[in-house]
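2 protein chains.
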Amino acid sequence: MSVFPSSRRGFVAGSAGLLGAAISAGARPAHAAPAIEPFHGLHQAGIATPPQGFTSFAVFDVTAGTRGALQALLQRWTAAAAQMASGEAPDAADRDDAPGLPPARLTLTFGFGAGLFEKDGRDRFGLRARRPASLIDLPPFAGDALEPARTGGDISVQACAEDPQTAFHAVRRLARIAAGDARIRWAQAGFLSPRGAGTPRNLLGFKDGTQNVNVADPFALDTFVWSGLEGPAAMRGGTYLVARRIRLAVERWDAVVVSEQERIIGRRKMSGAPAGGEREFEAERFDRRDADGRLAIAADAHVRLASYDGSGARILRRGYSYEDGGVGGYEAGLLFMAYQKDPRSGFVKMFGRMAGSDRLMPFTTHVGSGVFAVPPGVAAGGWVGEALIG
Amino acid sequence: MSVFPSSRRGFVAGSAGLLGAAISAGARPAHAAPAIEPFHGLHQAGIATPPQGFTSFAVFDVTAGTRGALQALLQRWTAAAAQMASGEAPDAADRDDAPGLPPARLTLTFGFGAGLFEKDGRDRFGLRARRPASLIDLPPFAGDALEPARTGGDISVQACAEDPQTAFHAVRRLARIAAGDARIRWAQAGFLSPRGAGTPRNLLGFKDGTQNVNVADPFALDTFVWSGLEGPAAMRGGTYLVARRIRLAVERWDAVVVSEQERIIGRRKMSGAPAGGEREFEAERFDRRDADGRLAIAADAHVRLASYDGSGARILRRGYSYEDGGVGGYEAGLLFMAYQKDPRSGFVKMFGRMAGSDRLMPFTTHVGSGVFAVPPGVAAGGWVGEALIG
Chain A
195 MSVFPSSRRG FVAGSAGLLG AAISAGARPA HAAPAIEPFH GLHQAGIATP PQGFTSFAVF
255 DVTAGTRGAL QALLQRWTAA AAQMASGEAP DAADRDDAPG LPPARLTLTF GFGAGLFEKD
315 GRDRFGLRAR RPASLIDLPP FAGDALEPAR TGGDISVQAC AEDPQTAFHA VRRLARIAAG
375 DARIRWAQAG FLSPRGAGTP RNLLGFKDGT QNVNVADPFA LDTFVWSGLE GPAAMRGGTY
435 LVARRIRLAV ERWDAVVVSE QERIIGRRKM SGAPAGGERE FEAERFDRRD ADGRLAIAAD
495 AHVRLASYDG SGARILRRGY SYEDGGVGGY EAGLLFMAYQ KDPRSGFVKM FGRMAGSDRL
555 MPFTTHVGSG VFAVPPGVAA GGWVGEALIG
Chain B
195 MSVFPSSRRG FVAGSAGLLG AAISAGARPA HAAPAIEPFH GLHQAGIATP PQGFTSFAVF
255 DVTAGTRGAL QALLQRWTAA AAQMASGEAP DAADRDDAPG LPPARLTLTF GFGAGLFEKD
315 GRDRFGLRAR RPASLIDLPP FAGDALEPAR TGGDISVQAC AEDPQTAFHA VRRLARIAAG
375 DARIRWAQAG FLSPRGAGTP RNLLGFKDGT QNVNVADPFA LDTFVWSGLE GPAAMRGGTY
435 LVARRIRLAV ERWDAVVVSE QERIIGRRKM SGAPAGGERE FEAERFDRRD ADGRLAIAAD
495 AHVRLASYDG SGARILRRGY SYEDGGVGGY EAGLLFMAYQ KDPRSGFVKM FGRMAGSDRL
555 MPFTTHVGSG VFAVPPGVAA GGWVGEALIG
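Top to bottom, those sequences are chains A and B.
Our numbering applies: residue 195 is where the first sequence begins, and numbers increase by one.
Our numbering applies: residue 195 is where the second sequence begins, and numbers increase by one.
Take a look at the structure:
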């Protein structure tokens, strides 16, 4: 069981005795201003928040020379993030780079890469001893084609909003505020198909997320996502992000007949039902066989290898499709974003099972990667990562 | 005055005697199904159509060996485009690559590059003599940094929709249908900020489009956009597209103080009013001077050089912002899309005046370019470009 109240709203409502009225004052209930997601809370927003339509994700390299400068950067970023999420005007000390853009459910979610704790063998900020054990370096996987320029980095910023420009300008403003202390290493924008029509479809044309961890289920979040008593105190209520930029060979995929696409995925394209089944949300029956005795969901089908098998390899996926145009073909794919209690029992276990054998692999190329310790949420007056970096 | 009925809706309503009932049957009135833009009409949709939120633009190189194969490609594309715009299921001969995506006001707008009429000195399709005089090769401009792979091409496809995935999948489906006859040369996705909040803002954070040609003004469209009696009969009701991929140095721009940004643009950032003025839509008074006798809108301000001066250099801009992520900084900017009666009196005249002296130029780099003859609209049973290519 969790040591925390389980939802942001529940926390705000019941927390007067814990972190005090400052948080309640900083968070607007969703019903009063539906385009605002509260910045302050026990967990950072943008994780269990129902997915917004767009993301602007960036990973920064920190160039600040001292821990004090790093702390000051995080304090400036926290203040700017809280202001932008609130939709209120910036204070006199800062400026609004794009006045008139709506907050549009903006969330800003910060994570810390291994480079903050140790870089090129140097303990540059005196933080080496504080590196959480769960903040691992990912092992190499079969098929990896990681570009160094899109891999790693010191601080991740995931901006999500219902408007792409709101998300983009939010990260740009953080980049401006960071001048001299951090600079963008790599960035990626993404989108979801509209959620009103049910489970969003990915760029393969399939519904994606049917079996995802339910962000409305506090038990599932505590089991699979939020860091708890097993980790360092400074990470409790936080989580770990594995980000992968996964290029999809969309032209080659489109040339595959739909029946074969369905065999590769293990689900029906139109309905989203498991192969051999009828309805999107029915359980995947991996032992089901067709009239000829063949497995309905093939042994190497994507959903079989990605599925939760009770071993603990379950993650909260919060990915976005991307289309960056391209030359001679499309540069498009999935900005895979997965939150989990521990990448060793989450992404590494799941993807290790898939990388060599998933029938979908020939259509995917992992070209960027990062792992980040996502600290817990912030109380009004506090700053992101205070317990870990302070 | 125009030789055509001036609006698509007006045309559909009043055209029974001209192109017949087939068009009326193919076009759904906007009020009956607000997420549908009629595909058939006198003009192609996606030009005078009020801008949708997203674009997926692609330029194809034609690889078909004969004019017959080119015609067959355009026929297949026309049928698929009409079906996708209608939101109806594809017929048995084709398939829906992403079932369940909404039509979301999808428009598909086709244009023909010079390469269709003559390529590498060869008249490969016997069309050389039909090349419209207005389909020029652009002259070089000061500051051009065009990448050959993002420049030129034979057929442009502009997909616009209120959903980015609908637009992207529409072009991908055309690419699949084209297999063997055409392939993507370059592609670019883009977005607008939400239009409910007034004039959209570009990635410079300024309102963009205040002085644009009004698509609700049929006289302006006939004067500046639609090809008429001055051009070849096969282009009447068509227009010419100049597309430019313009990279914006957003980090450098963000480092400029707002008062200097306003001097560079010649407008106020918050209100959008002309420098020295008060309201967004008031006329630009280029002779206005401040108390010190200086021009309120500087001699090299962007809006002064871009403005319509009565000389005919006026274009319908229908551009989209893009953010392609990036490495070591942002790859972001403007997919500039301008429709005009004749690029010689439109884009070339306007941009020729700006390229050397616009104060905004140091923040912009033109990295891609194309000019396309956009044929008129299609009657049900017809195909795009029939009069020009048939």
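We put the CB at the ideal spot given by N, CA and C, even for glycine.
When A:A355, A:A381, A:R508 are compared, the shortest CA-CA separation from A:G403 is found for A:R508. Interface flag for A:K543 against chain B is unset, since no Cβ pair is found closer than 9 angstroms. Put simply, the CB of A:G281 is far from chain B, with every gap to its CB atoms at 9 angstroms or more. If you ignore the 5 residues before and after B:K401, its C-beta comes within less than 6 angstroms of the C-beta of T393, R395, G466, all in its own chain and listed in chain order. Residue pairing by DSSP puts A:D255 in a beta bridge opposite A:R377. Residues of the segment 452 to 483 of chain B with a Cβ closer than 7 angstroms to any Cβ of chain A, in chain order: V452, K463, M464.
Within the segment 268 to 320 of chain A, no complete alpha helix (DSSP H) segment of 4 residues or longer occurs. Taking the Cβ atoms as the reference, B:W420 lies roughly 33 angstroms from B:F557, outside the contact range of under 8 angstroms. In this structure the segment 564 to 576 of chain A does not touch the segment 353 to 369 of chain A; the number of beta carbon pairs closer than 8 angstroms is below three. Per DSSP, A:Q359 lies in no beta strand (DSSP E); the unbroken alpha helix (DSSP H) holding it starts and ends at 358 to 371.
Around B:D338, the same chain offers H560 as residues with beta carbons nearer than 6 angstroms, after the five sequence neighbours per side are excluded. Per DSSP, the continuous alpha helix (DSSP H) segment holding A:E580 begins and ends at 580 to 583. The beta carbon of B:K313 does not come within 9 angstroms of any beta carbon belonging to chain A, so the residue lies off that interface. Closest in C-alpha terms to B:V521, from the list A:T243, A:I241, A:F251, A:P232, comes A:F251. When the Cα atoms are used, B:M544 and B:A500 turn out to be separated by approximately 6 angstroms. Using a Cβ-Cβ cut-off of 9 angstroms, A:S250 is close to E517, G519 of chain B, given in chain order. A check of alpha carbon separations from A:G374 across A:E312, A:A276, A:A437, A:T260 identifies A:T260 as the nearest.
With a threshold of 9 angstroms between beta carbons, B:Q277 makes no contact with chain A. Counting along the chain, the unbroken beta strand (DSSP E) around A:E517 starts and ends at 514 to 517.
A direct Cα-to-Cα measurement between A:V451 and A:K463 gives close to 11 angstroms. Looking only at A:S350, A:D285, A:F475, the smallest Cα-Cα distance to A:A567 is reached by A:S350. A contact is defined here as three or more CB-CB pairs under 8 angstroms, and the segment 297 to 313 of chain A meets this definition with respect to the segment 275 to 287 of chain A. For the C-beta of A:W380, the chain B residues within less than 9 angstroms are, from N- to C-terminus, G519, G520, V521, G522.
Under the Cβ criterion (8 angstroms, minimum of three pairs), the segment 408 to 424 of chain B does not count as touching the segment 486 to 498 of chain B.
Residue contact with chain A for B:E341: present (Cβ-Cβ distance below 9 angstroms to some residue of chain A). Secondary structure at A:A410: coil, using DSSP grouped into helix, strand and coil.
A straight-line Cα-Cα distance of about 11 angstroms links A:A258 and A:L310.
Fewer than three beta-carbon pairs drawn from the segment 319 to 334 of chain B and the segment 421 to 432 of chain A are found closer than 8 angstroms, and the two stretches are therefore not classed as touching. Measuring C-alpha to C-alpha distances from A:D518 to each of A:A381, A:E282, A:I371 identifies A:A381 as the nearest. Interface annotation, A:Q352: not in contact with chain B, CB-CB separation never under 9 angstroms.
Between A:L268 and A:F319, the C-beta gap is not smaller than 9 angstroms, which leaves the two residues out of contact.
Relative to B:G347, the option among B:R316, B:V444, B:R379, B:R270 whose CA is nearest is B:R379.
In the structure shown, B:M464 adopts coil according to DSSP, grouped into three states. Around the beta-carbon of B:F306, 16 or more other beta-carbon atoms lie within 10 Å, marking it buried.
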